[in-house]
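Letter by letter, the sequence shown follows residues 561 to 828 in this note's numbering. Working notes for the structure below.
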Amino acid sequence: MLSVQQQQKWIKDGRGDGELSSYKPWLTVRDLSSLGRSHRVYGHKTKRTHHLLSDLELAIFLILEWNPLIQDIREQFPLRIEQTEEIARLTCIPHPAVRGIKQIMSTDFYVFSSDSINPRFSIQAKYQKDLEDTRTIEKLEIERRYWQSKEIPWQIITEQEIPKVVFDNIKWLYPAIRDDDHINLYDQIEFYVKQFHKYPNLSLINLAKKIDSSYDLEIGTSLSELRVLFAQRYFKFDLKLNYKDLVPPNIQLGDLTIWEEIRYAANQ
């Protein structure tokens, strides 16, 4: 529970304000550390640490982060209390409060995109079982009307809408993303392309092991390098296929523009 004074202090401190690296989420992992599984994850798009309060929020964040159209992700985004109070009054829905003190509501994700059709949208992460609770539905209705009044699309995402294999793939790839320049990767990419052609029937895992063995490398070296190349999108595959089951025909070169830039830089 936050007192009125605490809520005012958080507003004064800039929580809910800013963009990209300067954004401050309304709620942080530290604020709700007693609620169970939470995550602090670095965002390569925003260049800051994101505060995610459930495994479902983590899954949604990683999928947003992986999407090249997404430009800014603002988690735990606060809603203006004077507007949510008015919506609650008009709908006769009790405003969220603890011991009589009305609490500022928040949306799990407020997202900015380069997509001209949906340049901004908001997401509330909810486990399917929580949607069976009447009070939860009431609070979601306040939130829905809030975003509707701003003409910003809003949606609920449950665990049922996130394929486990897609989440597992992105969870494997995400830690391998690098922000530094990769102009020295041309020879590495070319090498693996040749290996893909040489061993088209080997799974990615077995191919990596074979390369390690053939070149007297420490076990795991080739898979680690391939992981980086996938994470940087120099190679790509259908995320609905488990990376452990990939064979070379499932793997494609990434964006040709990226490929040409690497090749040009390598030849300078």
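We treat Cβ as the ideally placed atom computed from N, Cα and C, and that holds for glycine.
Exercise for the section: Determine the DSSP secondary structure at E646, reduced to helix, strand or coil. Expected result: Numbered from 1 along the sequence shown, position 86 holds the residue referred to as residue 646. In this structure, E646 counts as helix in the three-state DSSP scheme.
Handout entry: Exposure of S682, with buried meaning 16 or more beta-carbon neighbours within 10 Å
Key = Here residue 682 is taken as the residue at index 122 of the sequence shown, counted from 1. Looking at its Cβ environment, which holds 16 or more other Cβ atoms inside 10 Å, S682 is buried.
Practice task
Alpha carbon to alpha carbon, how far is F756 from I697? Give it in angstroms, no decimals.
Solution key: Here residue 697 corresponds to residue number 137 of the sequence shown, with the count starting at 1. Here residue 756 corresponds to residue number 196 of the sequence shown, with the count starting at 1. Approximately 51 Å between the Cα atoms of the pair.
Problem - Cutoff 7 Å: S773 Cβ touching any chain B Cβ - result: Of the chains in the structure shown, none is chain B; there is only one protein chain.
Problem - Beta-ladder partner(s) of Y687, from DSSP - result: If you number the sequence shown from 1, residue 687 lands on position 127. None, per the DSSP bridge assignment.
Handout entry: Straight-line gap, S774 to F797 (C-alpha atoms, nearest Å)
Key = The sequence position of residue 774 within the sequence shown is 214, counting from 1. The sequence position of residue 797 within the sequence shown is 237, counting from 1. Their backbone Cα atoms lie some 25 Å apart in a straight line.
Exercise for the section: Spell out the partners DSSP gives G578 in its beta bridges. Expected result: By one-based count along the sequence shown, residue 578 stands at place 18. Answer is none; G578 lacks a bridge partner.
Exercise for the section: Assuming P585 contacts R575 (C-beta within less than 8 Å), just tell me the rounded distance between them. Expected result: Working through the sequence shown from its first residue, we reach residue 585 at position 25. Working through the sequence shown from its first residue, we reach residue 575 at position 15. By a beta-carbon distance limit of 8 Å, P585 contacts R575. Their separation comes to about 7 Å.
Handout entry: For F621, the first and last residue of its enclosing alpha helix (DSSP H)
Key = The sequence position of residue 621 within the sequence shown is 61, counting from 1. In the DSSP assignment, F621 falls within the unbroken alpha helix (DSSP H) covering 615-626.
Practice task
Indicate whether Y794 and I749 have their beta-carbon atoms separated by less than 7 Å.
Solution key: Here residue 794 corresponds to residue number 234 of the sequence shown, with the count starting at 1. Here residue 749 corresponds to residue number 189 of the sequence shown, with the count starting at 1. By the CB criterion at 7 Å, Y794 and I749 fall inside the cutoff.
Problem - Assigned secondary structure, D728 (DSSP; H/G/I helix, E/B strand, else coil) - result: Position 168 of the sequence shown, counted from the first residue, corresponds to residue 728. Residue state, collapsed to three classes: helix.
Exercise for the section: Could you pull the start and end residues of the beta strand (DSSP E) that D633 belongs to? Expected result: Taking the first residue of the sequence shown as 1, we reach residue 633 at position 73. At residue 633 the sequence reads Ile, which differs from the Asp that was named. Looking at the DSSP string, the run of the beta strand (DSSP E) that includes I633 is 630-638.
Problem - Span of the beta strand (DSSP E) around W714 - result: Sequence index remark: in the sequence shown, residue 714 carries index 154 (1-based). Looking at the DSSP string, the run of the beta strand (DSSP E) that includes W714 is 714-717.
Handout entry: Proximity of I630 and S673 at Cβ, strictly below 7 Å
Key = The residue given as residue 630 occupies position 70 in the sequence shown. The residue given as residue 673 occupies position 113 in the sequence shown. By the CB criterion at 7 Å, I630 and S673 fall inside the cutoff.
Exercise for the section: Would you mind giving the Cβ-Cβ distance between Q643 and L562, rounded to the nearest angstrom? I have them listed as a contact below 8 Å. Expected result: One-based indexing of the sequence shown puts residue 643 at position 83. One-based indexing of the sequence shown puts residue 562 at position 2. The beta-carbon distance between Q643 and L562, rounded to whole angstroms, is 18 Å. This is too long to meet the 8 Å contact definition.
Problem - Meets three-Cβ-pair contact criterion under 8 Å: the segment 615-631 and the segment 721-736 - result: The segment 615-631, when compared against the segment 721-736, does touch it at the 8 Å Cβ threshold.
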